[in-house]
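Engineer: There's a structure below that I have some questions on.
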Amino acid sequence: MTGADVQHGEVGVRATRATKQRAAITALLEDLDEFRTAQELHEELRRRGEGIGLTTVYRTLQTMATSDLVDSLRTENGESAYRRCSDDHHHHLVCRQCGATVEVAGKHVEAWAAKVARENGFTDVSHTIEIFGTCAQCAS
156 MTGADVQHGE
166 VGVRATRATK
176 QRAAITALLE
186 DLDEFRTAQE
196 LHEELRRRGE
206 GIGLTTVYRT
216 LQTMATSDLV
226 DSLRTENGES
236 AYRRCSDDHH
246 HHLVCRQCGA
256 TVEVAGKHVE
266 AWAAKVAREN
276 GFTDVSHTIE
286 IFGTCAQCAS
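So, in structure tokens, the structure goes:
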């Protein structure tokens with residue numbers, strides 16, 4: 156496939172167009188552990204000397220999220236935040252103060268989601284769960 160990055164994951168093969176901007180955003184996300192908003196990522200890209208517009212950052216992140224190349228979540232104030240994560244199904248604990256994020260997997264959460272779906276007649280369900288709190292470092 157010419158001009159495309161091919162990513163393999165649980166969902167199958169996803170193809171997205173390779174661009175200099177996407178490469179810069181991907182490299183930045185690889186350096187970060189916590190979720191960041193498009194605005195925060197744009198500011199960091201500018202500090203690194205990348206001439207990428209904010210609109211391009213938003214569009215690229217949205218495309219990457221739709222293609223399952225990054226995780227996205229809504230912060231408590233409703234803003235989207237992004238992070239490069241593992242391919243396995245997981246959930247997040249997110250610190251409200253510093254943005255530190257921990258990936259968690261839990262069989263109890265999965266069992267609860269399946270039970271609620273079944274009790275309400277739903278099939279073929281999926282879910283995402285983000286738990287917001289204050290990390291130990293910020294709490295001290």
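For the sequence shown, the numbering used here gives the first residue as 156, with consecutive numbering after it.
All C-beta atoms in this analysis are idealised placements derived from N, C-alpha and C, irrespective of residue type, glycine included.
#1: List the endpoints of the continuous alpha helix (DSSP H) containing aspartate 226.
#2: Determine the contact status of histidine 245 and isoleucine 286, defining contact as a CB-CB distance below 8 angstroms.
#3: Can you find a C-beta in chain C that's less than 8 angstroms from the C-beta of leucine 183?
#4: Near glutamate 199, what residues of its chain come up, given a Cβ to Cβ distance below 7 angstroms and the 5 sequence neighbours on each side ignored?
#5: May I have a chain-ordered list of the alpha helix (DSSP H) segments no shorter than 4 residues that lie completely inside the segment 199-260?
#6: Among residues of its own chain, excluding the 5 on either side of tyrosine 301, which ones have a beta-carbon nearer than 6 angstroms to its beta-carbon?
#7: Out of Glu274, Val257, Val271, Ala272, point me to the one whose CA is closest to glutamate 189's CA.
#8: Which residues does DSSP pair with threonine 283 in a beta bridge?
#9: How long is the line joining the alpha carbons of threonine 278 and arginine 201, rounded to whole angstroms?
#10: Would you mind stating whether aspartate 243 and alanine 260 have Cβ atoms separated by less than 8 angstroms?
#11: Under the three-state reduction of DSSP, which class applies to threonine 174: helix, strand or coil?
#12: Please state if the CB of threonine 192 and the CB of cysteine 250 are separated by a distance shorter than 8 angstroms.
#13: Quick one: is glycine 204 buried, meaning 16 or more other Cβ sit within 10 Å of its Cβ, or exposed?
Structural biologist: Working from what's here:
#1: Where aspartate 226 is concerned, there is no enclosing alpha helix (DSSP H), although the beta strand (DSSP E) it sits in stretches over 226-229.
#2: no
#3: This model lacks chain C altogether, as it is built from one protein chain only.
#4: Leu183
#5: 209-221
#6: In this structure the chain extends from 156 to 295, so residue 301 is not present and cannot be described.
#7: Val257
#8: Answer is none; threonine 283 lacks a bridge partner.
#9: 45 angstroms
#10: yes
#11: coil
#12: no
#13: exposed
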